[in-house]
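Chains as they are written, first to last, in my numbering: chain A, 13 to 330; chain B, 3 to 239; chain C, 334 to 625.
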């Protein structure tokens, strides 16, 4: 990770934002929500860019992560921070169930994952004993106070999610730069050639799926403990799929920080601006953004900015 | 080293390989010839794991291969080059070799990669894109290079000389000889050019309509009436 | 018990009819452009809402709304096509995202224009129930549009197999380059397939308006269902699509009758996954869903 990019981000994340907004719960809440979307967006971009698989059902992993953590902390006495990890693991396990879908071509995979999302949602309604059924779970435990810092409040929650997102982005970057990243890139258009030189292509894709699901699960778990409430329609809502995709596309899903930037911009604009102008149809702007990006700047916003700074011509490589 | 017994491959109604039985010893160089459509590339596909036979046995150094996927066979030491070069997309020449070495040989050794690049005369193109910035000869060389980077003991070369003109052919052939001697490899070489094969390979095997019809020294094989008939197209018994 | 089963079968069959008209449209576009139009369901819904608007405003019989809806849907389809044609690289992924975005735009436009309330036709003739063979019940609209759907699909099938343009569509689907070399103009053929799909969608939209209830989120549900059916059937087979659609219709109907209404979508989803993993070319062959 280029220190010239990482250091400003760390400074902004851990110093500037907290200092600027520490007493403004409303803005902090928005930022936390935007970062939640960002986390999923990074996970989605990782799967799409490295794994080469576009998913229309990441809400599946988000929901599974949320419920896993909520249930384990409420019914099995897990500590909340451990719950975050378990949320990731739960989603990772769920992704193993989706692995047969890896053999499918693009659109079929995308929609197979969507089917899983629907199935998990319906399952969470049916498994009432564990998940509280359609009524959902209330009073999910908040984050505790550790070393004198109250992680249960808005600021504490912010620190947790921003750390999760940064770690996710660093993981994405690390994979991208490794030999694995090279092999994954090559697999898009020359999979047979990679297999013949020893690359276990299906397994690599599977690992990307698991990693993407894990990250999304952790984010889902975070969300459950942050808002302390969960129900099937919310946990598996299409919004957790659509917004991250829009964010990743808008920000540039072939870059590491693009999805994060995209999430912040899109979510904040959506909540602060579009909702005011079009209270009922504000998601329309998201659709327009997605369509617009594909048509005019498929690389997204971040590569567009990089290109402008370098004076044009730099091809945004994966 | 490599043993095939009774290999049979069918695609739909067509039998591409019928009862093919042959052996290749360690460090042996074998030429594989036959008219177009005889099944030569299919044979390579069977050995490397791209195609599965409907009958027969295949083993490499005593280990049965048929259940192993392509990537495992590559790691076991079988290197394959394709007739139509298939470079890794979105990677430079060097990156192609790095991936091959990392996954096929299980190690990182820059010096070996440089050695391969020098041997195949690709060093000057090491950091160029493997798909868009190479000439035909260089593409062919890279095919061999990728296979070499996996530390193979057996190299399957599918018409690496096709499309090259005489001088280029001669130069590449010399390179292949150097490769073989430097790395002590067994090779199976598919070629149409008979003089080339005769020079490079002390043993030649002939396929026709999916069947092995001859196996011996180039002199013996190319005088075999059956072999001559298969090439000239007169009625095959 | 027997009567219940028979009724469930019958209702499922009728539902399968409409699902089929929607699915065939999606399959046509996929065949010629290799693109899955994720806004397809929204176009169907658009037709339904046009019918609603016309009926609510002018008291028009839904069938008379067809021409108006046809124009709206075909123009919209042409716009979708024009945008899709502008994609240059990474066609598969980008077209998915583009049409996904367009679908969201359409759904929200519908939401903004007509609000989220559910609607259905108020035309009594269509809502009346008919009794077949003294035991089976259906709404008149279900039967009328089922028969209409079959006729329409037979027409499309004939068109594809006999007419010159139909052959061009099939040629383009099976081998794009060869078709171009034979003189098939890909753009004209693609637009044609979009327009035919538009006509089918219009019909389906009106059918849904008269037979069921409509609401903005329905668009997405329709798209997903149509996609599931095309996968079940295997792209490239119209009779296959009809059978696949009826299968989904019947399974849903059985689930609602014998299990619980809330599990209706689940049945389809599970069937979808089962088929994807067990028979990825679909039950009736055709283009493969596998990447290798």
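Where a beta carbon is used, it is the ideal one built from N, C-alpha and C, also for glycine. Keep in mind that this is a model prediction, so the values were computed, not measured.
With 16 other Cβ atoms within 10 Å as the buried cut-off, status of residue 408 of chain C: Taking the first residue of the third chain as 1, we reach residue 408 of chain C at position 75. It counts as exposed.
Nearest-angstrom Cα separation, counted from residue 523 of chain C out to residue 418 of chain C: Mapped onto the third chain, residue 418 of chain C falls at position 85. Mapped onto the third chain, residue 523 of chain C falls at position 190. Straight-line Cα distance between these residues: approximately 10 Å.
Backbone secondary structure at residue 451 of chain C - three-state DSSP: Residue numbering aside, residue 451 of chain C sits at position 118 when the third chain is read from its first letter. DSSP, reduced to helix, strand and coil, places residue 451 of chain C outside both helices and strands of the structure shown, so it counts as coil.
Partners in chain A for residue 105 of chain B, counting only beta-carbon separations shorter than 7 Å: In the second chain, residue 105 of chain B corresponds to position 103, counting from 1. Those are 195, 209, 210, 211, listed as they occur along chain A.
Run of the alpha helix (DSSP H) containing residue 366 of chain C, from where it starts to where it stops: By one-based count along the third chain, residue 366 of chain C stands at place 33. For residue 366 of chain C, the uninterrupted alpha helix (DSSP H) segment begins and ends at 335-366.
Beta strand (DSSP E) runs contained entirely in the region 396-461 of chain C, provided each spans 3 or more residues: Qualifying beta strand (DSSP E) stretches: none in this window.
7 Å Cβ cutoff, residue 201 of chain A in contact with chain B: The sequence position of residue 201 of chain A within the first chain is 189, counting from 1. With 7 Å as the cut-off, residue 201 of chain A counts as an interface residue toward chain B.
Members of the region 184-215 of chain B near chain A, C-beta cut-off 7 Å: Within the region 184-215 of chain B, no residue qualifies.
Touch test, the region 251-269 of chain A against the region 40-58 of chain A, Cβ-Cβ under 8 Å, three pairs minimum: A contact exists between the region 251-269 of chain A and the region 40-58 of chain A.
Residue 281 of chain A (DSSP reduced to helix, strand or coil): Here the question's residue 281 of chain A lines up with position 269 in the first chain. It is helical.
Cβ-Cβ distance between residue 69 of chain A and residue 109 of chain A below 7 Å: Position 57 of the first chain, counted from the first residue, corresponds to residue 69 of chain A. Position 97 of the first chain, counted from the first residue, corresponds to residue 109 of chain A. Their beta carbons are not under 7 Å apart, which means residue 69 of chain A does not touch residue 109 of chain A by this criterion.
Residue 119 of chain A, buried or exposed, once every other Cβ within 10 Å from all chains shown has been counted against 16: Locating residue 119 of chain A in the first chain gives position 107, counting from the first residue. Buried, since its Cβ has 16 or more Cβ neighbours within 10 Å.
Closer than 8 Å at the beta carbon, the chain C residues around residue 131 of chain A: In the first chain, counting from the first residue as 1, residue 131 of chain A sits at position 119. Ordered by position in chain C, the residues that pass the 8 Å Cβ test against residue 131 of chain A are 599, 602, 603, 606.
Beta-carbon neighbours of residue 88 of chain B, restricted to chain A and to distances below 7 Å: Within the second chain, numbered from 1, the residue matching residue 88 of chain B stands at position 86. Counting only Cβ-Cβ distances below 7 Å, residue 88 of chain B has contacts in chain A at 202, 204, 205, in chain order.
Spatial distance of residue 126 of chain A from residue 67 of chain A (CA atoms): Residue numbering aside, residue 126 of chain A sits at position 114 when the first chain is read from its first letter. Residue numbering aside, residue 67 of chain A sits at position 55 when the first chain is read from its first letter. Taking the straight line from one Cα to the other gives about 8 Å.
Cα-Cα separation, residue 574 of chain C to residue 484 of chain C: Numbered from its first residue, the third chain carries residue 574 of chain C at position 241. Numbered from its first residue, the third chain carries residue 484 of chain C at position 151. Taking the straight line joining both Cα atoms gives about 15 Å.
Cβ-Cβ separation, residue 10 of chain B to residue 64 of chain B (assumed contact under 8 Å), whole Å: As a working mapping, residue 64 of chain B is identified with position 62 in the second chain. As a working mapping, residue 10 of chain B is identified with position 8 in the second chain. Contact flag wrong, Cβ pair sits at about 22 Å.
First and last residue of the uninterrupted beta strand (DSSP E) at residue 175 of chain A: To locate residue 175 of chain A, count along the first chain from 1; it is residue 163. Careful: residue 175 of chain A lies outside any beta strand (DSSP E), inside the alpha helix (DSSP H) at 166-189.
Distance CB(residue 413 of chain C)-CB(residue 372 of chain C) smaller than 7 Å: What you label residue 413 of chain C is simply residue 80 of the third chain in a count that begins at 1. What you label residue 372 of chain C is simply residue 39 of the third chain in a count that begins at 1. Between residue 413 of chain C and residue 372 of chain C, the C-beta spacing is below 7 Å.
Beta carbon proximity, residue 143 of chain B to chain A, threshold 7 Å: Here residue 143 of chain B corresponds to residue number 141 of the second chain, with the count starting at 1. For residue 143 of chain B, the closest Cβ of chain A is not nearer than 7 Å.
Identity of the residues DSSP links to residue 66 of chain B by a beta bridge: Mapped onto the second chain, residue 66 of chain B falls at position 64. Residue 66 of chain B pairs with B:61.
Contact set for residue 490 of chain C: own chain, Cβ-Cβ below 8 Å, skip 5 residues either direction: In the third chain, residue 490 of chain C corresponds to position 157, counting from 1. Here the set comprises 571, 572.
Cross-strand partners of residue 205 of chain B (DSSP beta bridge): As a working mapping, residue 205 of chain B is identified with position 203 in the second chain. Paired residues: B:32.
Three-state secondary structure (DSSP) of residue 230 of chain B: Within the second chain, residue 230 of chain B is the residue found at index 228, counting from 1. Three-state DSSP puts residue 230 of chain B in a helix.
Environment of residue 134 of chain A [buried if 16+ CB atoms lie within 10 Å]: Position 122 of the first chain holds residue 134 of chain A. Counting the other Cβ atoms within 10 Å of the Cβ of residue 134 of chain A gives 16 or more, which makes it buried.
Neighbourhood of residue 150 of chain B by C-beta, 6 Å cutoff - its chain only, sequence neighbours within 5 removed: As a working note, residue 150 of chain B is residue 148 in the second chain. Residues of the same chain with a CB within less than 6 Å of the CB of residue 150 of chain B, apart from the 5 flanking positions on each side, are 118 in chain order.
CB-CB length for residue 547 of chain C against residue 378 of chain C, believed under 8 Å: On the third chain, position 214 is the one that residue 547 of chain C refers to. On the third chain, position 45 is the one that residue 378 of chain C refers to. Confirmed, Cβ separation roughly 6 Å.
Closest by C-alpha distance to residue 521 of chain C, when choosing among C:366, C:591, C:397, C:443: As a working mapping, residue 521 of chain C is identified with position 188 in the third chain. Of C:366, C:591, C:397, C:443, the residue nearest in Cα terms is C:366.
Chain B residues whose Cβ lies nearer than 7 Å to that of residue 267 of chain A: Looking up residue 267 of chain A in the first chain gives position 255. Against chain B, a Cβ distance below 7 Å from residue 267 of chain A picks out nothing, because the smallest value is about 15 Å.
CA-to-CA distance, residue 47 of chain A to residue 277 of chain A, given in whole angstroms: Looking up residue 277 of chain A in the first chain gives position 265. Looking up residue 47 of chain A in the first chain gives position 35. Answer to the nearest angstrom: the Cα atoms are 10 Å apart.
Reference residue 606 of chain C, options A:259, A:115, A:63, A:245, closest by Cα: Position 273 of the third chain holds residue 606 of chain C. The alpha carbon of residue 606 of chain C has as its nearest neighbour, out of A:259, A:115, A:63, A:245, the alpha carbon of A:115.
Residues in the region 50-79 of chain B having any Cβ partner in chain A nearer than 9 Å: Cβ contacts with chain A come from 50, 51, 52, 71, 72, 73, 74, 75, 76, 77.
is_contact[residue 419 of chain C, chain A] using C-beta, thresh 7 Å: Numbered from 1 along the third chain, position 86 holds the residue referred to as residue 419 of chain C. True, the Cβ-Cβ gap to chain A drops below 7 Å.
Beta bridge counterpart(s) of residue 10 of chain B as assigned by DSSP: If you number the second chain from 1, residue 10 of chain B lands on position 8. DSSP output for residue 10 of chain B lists B:57 as bridge partner(s).
Residues, ordered as in the chain, of the region 165-197 of chain A that lie near chain B by beta-carbon distance below 8 Å: Per Cβ criterion, the list reads 191, 194, 195, 197.
Within the region 132-179 of chain B, ranges of the beta strand (DSSP E) (whole runs, at least 3 residues): Restricted to the region 132-179 of chain B, the beta strand (DSSP E) segments that are unbroken, complete and at least 3 residues in length are 156-160, listed in chain order.
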